[in-house]
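First up is the structure itself, then whatever we jot down about it.
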Amino acid sequence: MSEPSRDGQSADTYDFHTIQGKWLPVWQRMDPFRADRLAGDNPEVEPDTRERRYLLDMFPYPSGDLHMGHGEAYAFGDLLARYWFQQGYNVLHPIGWDAFGLPAENAAIRRNAHPAEWTYANIETQAESFKRYAVSFDWSRRLQTCDPSYYHWTQWLFLRFYERGLAYRKASYVNWCPRDQTVLANEQVVNGNCERCGSPVTKRELTQWYFKITDYAQRLLDDMAPLEGRWPERVLSMQRNWIGRSEGAYVDFAMEGRDEPVTVFTTRPDTLYGATFFVVAPESKLADEICAPEQREAFEAYLEQVKRETEIERLSTEREKTGVFLGVHATNPVNGERIPVWAADYVLADYGTGAVMAVPAHDQRDLEFALKFGIPVRVVVETGQPDPAETGVATAGEGVHVNSASIDGLGKEDGVRAMIDWLDQQKLGRGAVTFRLRDWLVSRQRYWGAPIPIIHCPTCGEVPVPDDQLPVELPDLRGADLSPKGTSPLAAATEWVQVACPKCGGDARRDTDTMDTFVDSSWYYLRYCSPNYQDGPFDPEDVRRWMPVDQYVGGVEHAILHLLYSRFFTKVLHDMGAVDFTEPFKALLNQGQVINQGKAMSKSLGNGIDLGEQLGEYGVDAIRLTMVFAGPPEDDIDWADVSPSGSLRFIQRAWRIASDVTSEPDVDFAAGDLALRKVTHKVIKEVTEHVESFKFNVAVARLMELVNAVRKAIDTGPGPADPAVREAAERLAVMLSVVTPYTAEDMWERLGHEPTVALAGWPTYDPDLAAADTLTAVAQVAGKLRDKFEVSPDISEDELRQLALASERVQSALAGREIRKVIVRAPKLINIVPA
């Protein structure tokens, strides 16, 4: 019968329930992951002078308990944080909740509850789950963005943006979600649908608040240079494409019935001679302004049709072109030709100037429109392709200009430059750079968000709420109807809305919109540095100590929304003199999704996996190990293809090793078995390298090799008392602690050490012991593999050449042919090139 241990657990029986129940309260008492841990709370203690590292996980939304995606993301972030703790760094690894927004409000409405009740209850549920999942958070820095102590400073920052002209209000057509009854930023429309609820998005004309992110478009592009190689390339590419820098020219077209010309932007001013009509976005003010009286009825009917279309439908290249003639003409500035002006849905009001010159021979959308409505097609760039008017295929790209007067015979680059010079000389246009990026729409017609701190006075206009009156707290509205109606529920809170104007003292009204939740998450990483600071959004000195974030971990779904907005906020704060850096996150690690049976988890598909159930069946460590071992972090994990039960068996094997060691903790490792010591030190070296390069799954594979080697040494010699066995077991426990913390802590105790293994210190390796005894060299003939050899790592080029030429397989492949060249890359490769 097995001998029981001090905690009542059998010495050779692994019970994850017992182990988790044993160590979680110990860690909670110890609080080992507090930043500035050495200094503690005593100001008389010398400050923590260790090198600082800031590891940040994208904070969760409290929509319920933790799910499988959380299990994956926080396993990766925690692995890195724990590795840094083991390396001896002073680590900041905070946690908070992105607690405002539509999901909580909609969920509360469905349950007849107040959003605050729903949100805070879920936060507490998630907090307990995080603790159970053993994530190495500094709980002293916890924050929730829905706390008045937090959104006080969100409002304060809004007012600083307002003072700098970066927060402004305007009327325009906006993205409207008919289900959530609120506006959306362009970035929150995905394939024509609401990013939150999936409903098709329409357009509505409203007066809304914006942040002027377009003022920072070029800087947002330029400052990506230092992020190269530290952020995933696809994230940088997505941001570049979204910002969409274009070089070209503004061109002025005289318009009938209008004193001022209409300016359009084009990347191909060299094709102006081919412009045979003019297109205006139907919902633009320009279309309404210039429409001829006799076309008014047809135009308004068409406008109503367009309002029912989604943006994705309007931009589709496959749908038939539609439009209406506005009854007026524009004048082509280069040849004086009168060209008809149309309203067409393939032009959007919020891109460029909402108007385009149409060159049908060289733009497919323009060509399809021209052929449908009988508009002339004129080739002005000869590419050698058939006439577009005959084939229905526009000729785009390089070529020689024709039918273009002074630029005939020029190529594209020279033609563009010549046309811009001519437009500038004639004062009919100018060279320009534009961006696809639009200003960020930040106001929402919903209750659960930070109120916009502006008062509207009939005498004074827009009046900022004085700083000493912040925060403008949400009225409770408990029991009120918060269901979406197209206007903010705050408008019904009469006592809250009606207020004296801070300037004149007269009757005024608060702004009843709230801020987009992405405003809250655009600066939270700064608040973590000093979450209890009361004299500003953050303590500048603390921010200087910790920022920028050394490593950010989160999903690629935030590549444009959150990451772009955070970069913008940081640059504004830099210009305000509040921070001394321009990029918030030095490095970014994206994780994939957890899917099941090849598809995203869904109740309707019946393939959902509950994280809590998995933790209950296999234990925290087995689930964490499964997440890490499944593949590279950026790849999706198909839960149908992984084996948490296999992870559990491995953990049990590793745990039993600690129980089997019989030598004392102070034994001299150097006296141990040399072969096992070499394996141990080689694994330490490789695991360290793989963790540093985010090859976490490969690092786990190496730990599995070490477990096998130690098990063999215990069972078949040199035996459990050998010092090398203890060395391997102790190093194994420390390295496993970054992935399987409960098991590692229990191993550490069984090996005779006090908690916590998380701060034991990452093991170092002896280079001589870690060096490979041999490695595999490859011999090729004409680039094809012909033989392999086990060679010394320090084999010379001449020795490797002789070895390869003596190979029967190499000689057979040469078949008597003379050798033209021998390429040697000792110690791994030799390629023999026959004549």
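UniProt numbering numbers the first residue of the sequence shown as 1 and each following residue consecutively.
Glycine included, each C-beta is placed from N, C-alpha and C at the ideal position.
Small disclaimer: the values here were computed from a predicted structure and weren't measured.
Drop a sphere of 10 angstroms on the beta-carbon of residue i, count the other beta-carbons inside from all chains shown, and report buried for 16 or more, exposed for fewer.
i           : result
R820        : exposed
Q305        : exposed
H17         : exposed
S530        : buried
D468        : exposed
residue 853 : One cannot answer for residue 853 here, as it falls past the ends of the chain, which runs 1 to 835.
S522        : buried
E745        : buried
V628        : buried
N90         : buried
residue 848 : Any answer about residue 848 is impossible in this case: the structure gives the chain only from 1 up to 835.
D610        : exposed
C504        : exposed
D773        : exposed
E808        : exposed
C146        : buried
M576        : exposed
V381        : buried
What distance in whole Å lies between the Cβ atoms of residue j and residue i, which are believed to be in contact at a cut-off of 8 Å?
i    : j    : result
I623 : G71  : 6 Å
D516 : A116 : Not a contact, Cβ separation roughly 19 Å.
V642 : A654 : With a Cβ gap of about 18 Å, V642 and A654 do not count as contacting.
T310 : P200 : 5 Å
R141 : Y533 : In fact, because the Cβ distance is near 11 Å, the residues do not count as touching under 8 Å.
V781 : P834 : 7 Å
P333 : V416 : That pair is no contact at about 16 Å.
R378 : G244 : Going by Cβ atoms, the distance from R378 to G244 rounds to 28 Å, so no, they are not a contact pair.
T276 : I375 : 6 Å
A73  : G672 : The Cβ separation is near 40 Å, so there is no contact.
Going by the beta-carbon positions, is the gap between residue i and residue j smaller than 8 Å?
i    : j    : result
A249 : L437 : no
F669 : L220 : no
A777 : K784 : no
L564 : Q239 : yes
Q28  : W97  : no
T383 : I452 : no
A370 : P360 : yes
Y54  : D550 : yes
A358 : Y302 : no
K571 : Y168 : no
I455 : P502 : yes
V661 : A760 : no
P665 : H558 : no
D520 : Y151 : yes
L166 : K212 : yes
I595 : D636 : yes
T680 : E727 : yes
A779 : V810 : yes
T13  : P484 : no
K828 : L775 : yes
Since residue i sits in a beta bridge, which residues does DSSP pair it with?
i    : result
E462 : H456
R825 : L829
C504 : DSSP output for C504 lists no bridge partner at all.
S443 : M515
Q591 : G555
F211 : A167 and W440
M357 : F278
Q498 : R509
S172 : L206
G431 : A249
A600 : I595
Problem set entry | Stretch pair the region 80-98 + the region 735-747: three plus CB contacts closer than 8 Å | Because the criterion of three Cβ pairs below 8 Å is met, the region 80-98 and the region 735-747 touch.
Exercise. So, do the region 381-399 and the region 192-209 have three or more beta carbon pairs nearer to each other than 8 Å?
Worked result: no
For this session: Report yes or no: do three or more beta-carbon pairs, one from the region 612-626 and one from the region 685-694, lie closer than 8 Å?
Result: no
Exercise. Between the region 189-198 and the region 327-338, are three or more C-beta pairs nearer than 8 Å?
Worked result: no
Exercise. Do the region 716-725 and the region 794-805 make contact, defined as three or more Cβ pairs closer than 8 Å?
Worked result: Contact fails between the region 716-725 and the region 794-805, because fewer than three Cβ pairs, one in each stretch, are under 8 Å apart.
Exercise. Any chance the region 155-175 sits against the region 468-487, with 3 or more Cβ pairs inside 8 Å?
Worked result: Judged by Cβ distances under 8 Å, the region 155-175 makes contact with the region 468-487, as three or more pairs qualify.
Exercise. Taking three-plus beta-carbon pairs below 8 Å as touching, is the region 232-246 in contact with the region 587-597?
Worked result: Flag = yes, the region 232-246 and the region 587-597 touch.
For this session: Taking 8 Å as the threshold, find out whether the region 54-61 comes into contact with the region 703-717 through three or more Cβ pairs.
Result: no
Exercise. Are at least three pairs of beta-carbons, each pair with one atom in the region 263-277 and one in the region 339-356, less than 8 Å apart?
Worked result: Three or more Cβ pairs closer than 8 Å define a contact, and the region 263-277 meets that threshold against the region 339-356.
Exercise. Is the region 120-130 touching the region 174-185 in the sense that three or more CB pairs, one from each, lie closer than 8 Å?
Worked result: no
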